[in-house]
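Asker: Got a structure for you, questions after.
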Amino acid sequence: MSDLKYTNDHEWIKVEGDTAWIGITTYARHALGDLVYLELPETGRKVKKGDNFAVVESVKAASEIYTPVSGEIIAVNDNLSDNLEDLKEDLNKGWIVKVKMSNPAEAEGLMDQGAYAKFTESLS
Amino acid sequence: MYSQWLNKQYMDHRQKGKTMKTTPLHAAHLALKAKMAEFAGYDMPINYETGVLAEHNWTRENAGLFDVSHMGQVIVDGPDAAAFLESLTPSDFQNLKDGVAKYTVMTTDTGGIIDDLIVTRLGENRFFAVLNAGCKDKDIFWMNTKLPANVNLLHLEDRALLALQGPKAETVLKEALGVDASNMRYMRIMESGDYIISRLGYTGEDGFEISISEKDAAQTWDKLLQHPAVKPIGLAARDSLRLEMGYPLYGHDITTKTTPVEADIGWIVGKDRVGYPGESIIRGQLAGSPPRRRVGIKLTDKGVAREGAEIYSLSGQKLGDFTSGGFSPTLNMSIGQGYVDTKLGKIGDEVLVRVRGRDIKGVLTTLPFVPPKTKPAKPNAA
């Protein structure tokens, strides 16, 4: 998982060429608690960096998920709707969307694993 | 009159520092690694390590222990105590029997709800009342503006309040605290040593609320927690438990903008009661029909709707709004409460609930969502 990048909002992103896979981190997953519903976007939707593109509902609250990169959503992991336990820091099962980036430079400033670990430590 | 407390609240707000208040069990919550957050000015446990779902189900199956010490506890004492309570609420307190608790609301001159509370008669001229944490300061201010010279209002700030809720609560009370409640009925109070124990709660389960001196609170909390049937339960599960029972949450499902009749708790109005704030409006709505009424909503499709979600008819007409909502662990579906225009919507109607621009199918239902398992209030009741 070492080539994942991380955001302040606890999303992870994996870049392959001009495509970004986006999911939520283990830290986020623990903070959310028991999940009950995931609202997914449609394929083809254009998003800008910072846009909310999905909402995860836990027993406690609704939490928005943001994209750290701009572009077009070219794939949605519909499997998550009925398998919320797969929503985790796992490239194979846990990705929520794939975004074809319009500005790949946006991905470059994100934290690496070490920086993100320090960031989450500073939160507790 | 009512604007007086608003002014006071504004002044209090200006003077308030950023420090949160704590209950006598704050250290116990931290030791249990609870997730803490601000509620009504207090730093309170939202959930413990096992999480909301497990806590909810544990309470339904065993016994859950809640710290509700943030709530206000007051004693109303004096020759005109019952008359004083009747000057604040539409309920009958003159005829309330000793040791019996009653759910009521304090009303504004326009029939709105200042707070909902449970009042128990401790003696001929002595009552015990429990107020919502977020309302207690305004309640006490409001009560003082109406207080007759021969009645005392005493805020028991040195007492904690624990709720022990669930089918094993009676057994736990006996085994952990040595208190036998086997002959105690629902909505009754018992004084045992320093404990003031009421058989009631906010979960729909059999259970108790235990008022105790703050100095003994931690020890009592520990004794109860050591019982294998008991786990600590946070405010998040308290909310999902009460939501399944259709109990209104003050500040959300009931406010100064909603009347008791609209809130579908018109049964709290004593049939012979006169001379309470908002009487003409409340009587008028009881005789006719209120413009809107609080109902339950079940989502029949996937999704979760919370406070603020809009309710529409299938033809797209706006019926009302959610005042609270969430996921029901017992029913494994999303549920909520909201106010629906009485001319446009009725129980059984299919509706659309708009969440972030997306319409989710639902149906208007009666409350509660889950049948209560509280003990009978009357000896011969089923």
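Respectively, the protein sequence lines represent chains A and B. Quick note: the first sequence uses the working numbering, first residue 3, plus one each step. Quick note: the second sequence uses the working numbering, first residue 309, plus one each step. Note that the Cβ used here is the ideal one computed from N, Cα and C, for glycine as well. Quick caveat: nothing in here was measured; it's all calculated off a predicted structure.
(1) Tell me whether B:H463 sits in a helix, a strand or coil according to DSSP, three-state version.
(2) Return the Cβ separation of B:Y584 and B:S395 in integer angstroms, given the expectation that the two are a contact with Cβ distance under 8 Å.
(3) Whose Cβ in chain A lies nearer than 9 Å to the Cβ of B:K372?
(4) Please report the straight-line C-alpha distance between A:Y131 and A:L37, rounded to a whole angstrom.
(5) Less than 8 Å between the C-beta atoms of B:L472 and B:L533, yes or no?
(6) Here's the rule: buried if 16 or more other CB atoms are within 10 angstroms of the residue's CB, otherwise exposed. What is B:K410?
(7) Are A:P106 and A:D11 touching if we call contact CB-CB under 8 Å?
(8) For A:M113, which residues from the same chain have a beta carbon less than 7 Å from its beta carbon, with the 5 sequence-adjacent residues on both sides left out?
(9) Thinking C-beta only, is B:V661 closer than 8 Å to B:A544?
(10) With H, G and I counted as helix, E and B as strand and the rest as coil, what does DSSP make of B:T682?
(11) Taking the alpha-carbon positions, what's the B:T567 to B:G646 distance?
(12) Whose Cβ in chain B lies nearer than 8 Å to the Cβ of A:Y39?
(13) Which chain B residues sit within Cβ distance under 8 Å of A:E59?
(14) Could you round the C-beta distance between B:L439 and B:D423 to whole angstroms and report it? I think they count as a contact, below 8 Å.
(15) Candidates A:I98, A:A119, A:T69 and A:A117: which alpha carbon is nearest A:L42's?
(16) Return the CA-CA distance between A:D53 and A:Y68, expressed in angstroms with no decimal places.
(17) Any beta carbon of chain A sitting closer than 8 Å to that of B:A632?
(18) When we look at the beta-carbon of B:R666 and count the other beta-carbons within 10 Å, is it buried (16 or more) or exposed?
(19) Applying the 10 Å Cβ sphere with the 16-neighbour rule, what's the burial state of B:E565?
(20) Could you tell me whether any Cβ in chain B is nearer than 8 Å to the Cβ of A:D36?
(21) By how many angstroms is the C-alpha of B:I426 removed from the C-alpha of B:T650?
(22) With 16 as the cutoff for other CB atoms within 10 Å, does A:D5 come out buried or exposed?
(23) For the segment 60-76 of chain A, which residues have a beta carbon sitting closer than 7 Å to at least one beta carbon of chain B?
(24) Note down, in chain order, every chain A residue with its Cβ under 7 Å from the Cβ of B:S548.
(25) Output, in chain order, the set of chain A residues within a Cβ distance shorter than 7 Å of B:G646.
(26) Report, in whole angstroms, the separation of the C-beta atoms of B:N452 and B:L461, which I expect to be a contact under 8 Å.
(27) Hey, would you say B:T511 sits closer than 8 Å to B:D561, going by beta carbons?
(28) Given a limit of 9 Å on CB to CB distance, which residues of the segment 347-373 of chain B reach chain A?
Answerer: Taking the structure as given:
(1) Annotated three-state conformation of B:H463 is strand, per DSSP.
(2) Between B:Y584 and B:S395 the beta-carbon gap is near 7 Å, inside 8 Å, which marks them as a contact.
(3) Reading the sequence as shown, one finds Gly at residue 372 of chain B and not Lys. Correct list: empty, because the minimum Cβ distance to chain A is about 15 Å.
(4) With chain A represented from 3 up to 126, any question about residue 131 of chain A goes unanswered, as that position is not in the structure.
(5) Going by C-beta atoms, B:L472 is not nearer than 8 Å to B:L533.
(6) By the neighbour-count criterion, in which 16 or more other beta carbons inside 10 Å mark a residue as buried, B:K410 falls on the buried side.
(7) No, these two residues do not count as a Cβ contact at 8 Å.
(8) When the five nearest sequence neighbours on each side are left out, the beta carbons in the same chain lying within less than 7 Å of the beta carbon of A:M113 are those of K7, Y8 and F121, in order along the chain.
(9) B:A544 places its beta carbon 8 Å or farther from that of B:V661.
(10) B:T682 falls in the coil class under three-state DSSP.
(11) Those two C-alpha atoms are separated by around 14 Å.
(12) Around A:Y39, the beta-carbon contacts reaching into chain B at under 8 Å are K610, G611, V612, F635 and S642.
(13) Taking a Cβ-Cβ threshold of 8 Å, the residues of chain B close to A:E59 are G611, V612 and F635, in chain order.
(14) Indeed, because the Cβ distance is near 6 Å, the residues count as touching under 8 Å.
(15) Selected option, being the one with the closest Cα: A:I98.
(16) Going from the Cα of A:D53 to the Cα of A:Y68 covers about 5 Å.
(17) According to the sequence as given, residue 632 of chain B is Ser; it is not Ala. Cβ-Cβ to chain A under 8 Å: no for B:S632.
(18) Here B:R666 is exposed: its Cβ has fewer than 16 other Cβ atoms, across all protein chains shown, within 10 Å.
(19) First, the amino acid is wrong: residue 565 of chain B is Lys here, not Glu. Flag for B:K565 reads exposed.
(20) Chain B, which has a Cβ nearer than 8 Å to the Cβ of A:D36, makes this yes.
(21) Inter-residue distance for B:T650 and B:I426 is about 28 Å (C-alpha atoms, whole angstroms).
(22) Sixteen is the threshold: since fewer than 16 other Cβ atoms of the shown chains lie within 10 Å of the Cβ of A:D5, the residue is exposed.
(23) If the cut-off is 7 Å between Cβ atoms, the segment 60-76 of chain A has V61, K62 and A64 near chain B.
(24) Per Cβ cutoff of 7 Å: V61.
(25) Within 7 Å Cβ-Cβ: nothing; B:G646 doesn't reach chain A, min ~17 Å.
(26) At roughly 6 Å, the Cβ-Cβ gap stays under 8 Å, so B:N452 and B:L461 are in contact.
(27) Not a contact, by the Cβ cut-off of 8 Å.
(28) Hits within the stretch, in order: I354, N355, G359, V360, L361, A362 and H364.
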